[in-house]
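**Student:** Using our numbering, read the sequence shown as starting at 57 and increasing by one per residue. C-beta: ideal position from N, C-alpha, C; glycine also. As the structure is a computational prediction, the values presented were derived from the model and not from experiment.
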Amino acid sequence: MIGRIKGSLLSKHPPELLVDVHGVGYEMEAPMSTFYQLPKVGEEVVLHTHMVVREDAQLLYAFYSTGERKLFRDLIRINGVGPKLGLTILSGISARDFARAVQDGDAAALTGLPGVGKKTAERLIVELRDKLSDDITPISDDSTGAFSVAAGHQPSPVSDAVSALTALGYKAQEASRMVRAVDSAGLETEAIIRAALQGTVKG
Numbered sequence: 057m058i059g060r061i062k063g064s065l066l067s068k069h070p071p072e073l074l075v076d077v078h079g080v081g082y083e084m085e086a087p088m089s090t091f092y093q094l095p096k097v098g099e100e101v102v103l104h105t106h107m108v109v110r111e112d113a114q115l116l117y118a119f120y121s122t123g124e125r126k127l128f129r130d131l132i133r134i135n136g137v138g139p140k141l142g143l144t145i146l147s148g149i150s151a152r153d154f155a156r157a158v159q160d161g162d163a164a165a166l167t168g169l170p171g172v173g174k175k176t177a178e179r180l181i182v183e184l185r186d187k188l189s190d191d192i193t194p195i196s197d198d199s200t201g202a203f204s205v206a207a208g209h210q211p212s213p214v215s216d217a218v219s220a221l222t223a224l225g226y227k228a229q230e231a232s233r234m235v236r237a238v239d240s241a242g243l244e245t246e247a248i249i250r251a252a253l254q255g256t257v258k259g
């Protein structure tokens, strides 16, 4: 199993990223909380990974901290929560806020995330309340990470933000609405996504 990757960041298009390790490119998917921490394309990055082996694919998921990876692993052990929903949860709410919602039994704080209905939220609370530990490293609200892309790609930050939210499980119409609600003038894709997700959680 692959548990850690260290190499040069080749590209990042949420939720996908590509890291070169001695000439081998590793394709991975990561939550937005990890994207906020990534360096610029071309710089070295160290990521903690979780590998999923299926009959039709071998999938690698990347996380900036071991605590974030542990939370992801706790999530996907719950019935009805797969890797895609796990990434969506970690993208839409910080580890700290998630832990607070679980410990407080606050299902309403979780149901705003795509794919998390009332029953799923209640299941998360019941099954994770006693499992969350101190090694979950919360992502600071003021954390920043310059969002850049591979050479040759000329994106629109707004359209890239919509695409990223759609890939994370939001319906296209909802993703567009979320991005339109953000004053995106002068913002990079990462900042637009962050603002859109924060607006959803607050609403």
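Quick check on the DSSP output: the beta strand (DSSP E) that includes Val108 runs from which residue to which?
**Tutor:** 100-109
**Student:** With a threshold of 7 Å (Cβ to nearest heavy atom), would Asp130 be considered close to the ligand COA?
**Tutor:** Ligands in the displayed structure: none, and consequently the ligand COA is not present.
**Student:** Could you round the C-beta distance between Ile61 and Val77 to whole angstroms and report it? I think they count as a contact, below 8 Å.
**Tutor:** 6 Å
**Student:** Check for me: the beta strand (DSSP E) holding Ala157 runs from which residue to which?
**Tutor:** Element bounds for Ala157: not the beta strand (DSSP E) but the alpha helix (DSSP H), 151-160.
**Student:** Is Glu244 helix, strand or coil by DSSP?
**Tutor:** coil
**Student:** Check whether the Cβ atoms of Leu221 and Ala231 sit closer than 8 Å, and answer yes or no.
**Tutor:** Cβ atoms of Leu221 and Ala231: closer than 8 Å.
**Student:** Find the nearest neighbour of Lys126 within the set Leu115, Asp112, Ala155, Gly148, judged by alpha-carbon distance.
**Tutor:** Ala155
**Student:** Label Lys187 either buried or exposed according to how many other C-beta atoms from any shown protein chain fall within 10 Å of its C-beta, with 16 as the threshold for buried.
**Tutor:** exposed
**Student:** By how many angstroms is the C-alpha of Gly136 removed from the C-alpha of Val172?
**Tutor:** Approximately 10 Å, taken between the alpha carbons.
**Student:** Using the Cα positions of Val102 and Ala86, report the straight-line distance between them to the nearest angstrom.
**Tutor:** Rounded to the nearest whole angstrom, the CA to CA distance from Val102 to Ala86 is 13 Å.
**Student:** Below 8 Å on the Cβ atoms is my guess for Pro71 versus Leu143; work out the distance and round it to an integer in Å.
**Tutor:** 6 Å
**Student:** When you compare each of Met107, Ser121, Glu111 to Pro139 by their alpha carbons, which one comes out closest?
**Tutor:** Met107
**Student:** For Ile181 and Gly161, which I take to be in contact (beta-carbon distance under 8 Å), what is that distance rounded to the nearest angstrom?
**Tutor:** 5 Å
**Student:** Less than 6 Å between C-beta atoms, sequence neighbours within five positions excluded: which residues of the same chain meet that for Leu66?
**Tutor:** Leu74, Asp76
**Student:** Starting from Asp216, trace the alpha helix (DSSP H) in both directions and tell me its first and last residue.
**Tutor:** Where Asp216 is concerned, the enclosing alpha helix (DSSP H) starts and stops at 213-223.
**Student:** Measure the C-alpha to C-alpha separation of Ala118 and Phe91 and round it to an integer number of angstroms.
**Tutor:** 10 Å
**Student:** For Gly98, I'd like the list of residues in its chain whose CB is within less than 6 Å of its CB, leaving aside the five on either flank, ordered along the chain.
**Tutor:** none
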